[in-house]
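Student: Numbering (full-length UniProt numbering), first residue to last: 1 to 200.
For each residue, glycine too, the CB sits at the ideal point set by N, CA and C.
Quick caveat: nothing in here was measured; it's all calculated off a predicted structure.
If you want it as structure tokens, here you go:
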């Protein structure tokens with residue numbers, strides 16, 4: 001950046017303080033009893049980028065209780081509503097879900113079960129399932145309708161969850177301290193010097 005402003009400097013200082021304060025934090029992977037299944041979370045803000053009005057997708061995938069994949073990415077098109085932003089995020093998550101399922105299947109030497117994708121937008125779920133909505137969403141690029149095929153063939157099972165249980169919210173926008181720490185903890189990130197112990 002050629003001409004950093006005071007705002008940029010403050011943002012950098014905030015990041016450095018966070019990193020310095022979490023040097024001993026990391027993801028903890030306990031032994032999981034029984035068979036672990038892939039579960040994903042997808043979320044989006046709406047028009048959060050003040051320069052482009054593009055939204056940010058947040059995606060998390062767990063194998064059992066262990067976080068194995070995460071992504072925070074700016075969407076490539078401008079969504080005209082929060083429904084469309086959530087739909088685009090869910091479609092991106094579906095692509096990632098299929099890749100992870102195939103990788104897991106290769107490692108296990110067998111086919112895996114359908115991946116559960118948890119979404120906190122009823123309207124986005126309806127957009128994927130109800131043809132009535134499609135005439136209103138032609139400006140969404142065709143590739144995002146990939147999600148419909150995944151759901152129809154059963155490789156991905158979408159499930160509605162309450163916003164308070166949406167862990168991917170952590171990756172879409174700044175959160176208050178209490179909410180941030182709560183969601184961070186639920187992803188499995190702990191202070192490694194005080195990690196929980198489990199009998200094997």
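Using CA atoms only, rank isn't needed, just tell me which of 168, 110, 77 is closest to residue 121.
Tutor: Walking along the chain shown from the start, residue 121 turns up at place 121. Ranking 168, 110, 77 by Cα distance to residue 121 puts 168 first.
Student: For residue 144, which residues from the same chain have a beta carbon less than 6 Å from its beta carbon, with the 5 sequence-adjacent residues on both sides left out?
Tutor: The residue given as residue 144 occupies position 144 in the chain shown. Within the same chain, residue 144 has close Cβ partners 88, 91.
Student: How many Å lie between residue 200 and residue 19 at the Cα?
Tutor: Position 200 of the chain shown, counted from the first residue, corresponds to residue 200. Position 19 of the chain shown, counted from the first residue, corresponds to residue 19. With a pLDDT of 44 at residue 200, under the threshold of 50, the modelled position of this residue cannot be trusted, and the question is left open.
Student: Is it true that the CB of residue 193 sits closer than 8 Å to the CB of residue 24?
Tutor: Taking the first residue of the chain shown as position 1, residue 24 is located at position 24. Taking the first residue of the chain shown as position 1, residue 193 is located at position 193. Yes, the Cβ-Cβ distance between residue 24 and residue 193 is below 8 Å.
Student: At the level of alpha carbons, what is the spacing between residue 117 and residue 59?
Tutor: Taking the first residue of the chain shown as position 1, residue 117 is located at position 117. Taking the first residue of the chain shown as position 1, residue 59 is located at position 59. Rounded to the nearest angstrom, the two C-alpha atoms are 10 Å apart.
Student: What residue ranges within the stretch 100–168 form continuous alpha helix (DSSP H) runs of no fewer than 4 residues, ordered along the chain?
Tutor: 122–129, 146–153
Student: Among all the DSSP beta bridges, which residues are the ones paired with residue 58?
Tutor: The residue you call residue 58 lines up with position 58 of the chain shown. Paired residue(s): 43, 72.
Student: List the endpoints of the continuous alpha helix (DSSP H) containing residue 183.
Tutor: As a working note, residue 183 is residue 183 in the chain shown. If you look at residue 183, you'll find it in the alpha helix (DSSP H) that goes 177–186.
Student: For the pair the stretch 38–46 and the stretch 99–113, tell me if three or more CB-CB distances fall below 8 Å.
Tutor: A contact exists between the stretch 38–46 and the stretch 99–113.
Student: Flag this pair as yes or no: are the beta carbons of residue 86 and residue 124 separated by less than 8 Å?
Tutor: In the chain shown, residue 86 corresponds to position 86, counting from 1. In the chain shown, residue 124 corresponds to position 124, counting from 1. Taking 8 Å as the Cβ cut-off, residue 86 and residue 124 qualify as a contacting pair.
Student: By the DSSP assignment, the beta strand (DSSP E) with residue 26 in it spans what residues?
Tutor: The count along the chain shown starts at 1 and reaches residue 26 at position 26. It spans 25–27 - the beta strand (DSSP E) in which residue 26 sits, taken as one unbroken run.
Student: Work out the CA separation of residue 172 and residue 9 for me, nearest whole Å.
Tutor: Taking the first residue of the chain shown as 1, we reach residue 9 at position 9. Taking the first residue of the chain shown as 1, we reach residue 172 at position 172. In a straight line, the C-alpha of residue 9 is about 22 Å away from that of residue 172.
Student: Just verifying my parser: in three-state terms, what is the DSSP assignment at residue 171?
Tutor: In the chain shown, counting from the first residue as 1, residue 171 sits at position 171. In the structure shown, residue 171 sits in a helix (DSSP, three-state: H, G or I).
Student: From the DSSP output, in three-state form, read off residue 32 for me.
Tutor: If you number the chain shown from 1, residue 32 lands on position 32. Coil, per DSSP.
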